[in-house]
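In our numbering, the protein residues as written are 19 to 104.
Remarks on the structure that follows.
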């Protein structure tokens, strides 16, 4: 008679962040660089944060994505000028 073993299976849950949450994280990263600098060294250890230029690109993409999610898609980036007086 064989003795059965119970195997424990662990499933990692992936957290899917919304566009607004990602935008908040990118803005936080930009602020950390603005306040603390791009890189610093403590003793023999060195920390280099993400490239600021890349963070700005990501932020612009996320802002465009967030705007696209909130719009109906009809007349995006279309503005109307009304001139009442001459």
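Where a beta carbon is used, it is the ideal one built from N, C-alpha and C, also for glycine.
If the five residues before and after residue 37 are omitted, its C-beta is found closer than 8 Å to the C-beta atoms of 80, 83, 84, 87, all from its own chain and listed in chain order. Bridge pairing for residue 59: 64 [DSSP]. Taking all protein chains in view, the Cβ of residue 98 is surrounded by fewer than 16 other Cβ atoms within 10 Å, so the residue is classified as exposed.
Straight-line measurement puts the Cα of residue 48 at about 8 Å from the Cα of residue 74.
Cβ contact annotation for residue 70 (same chain, cutoff 8 Å, sequence separation greater than five): 48, 51, 56, in chain order.
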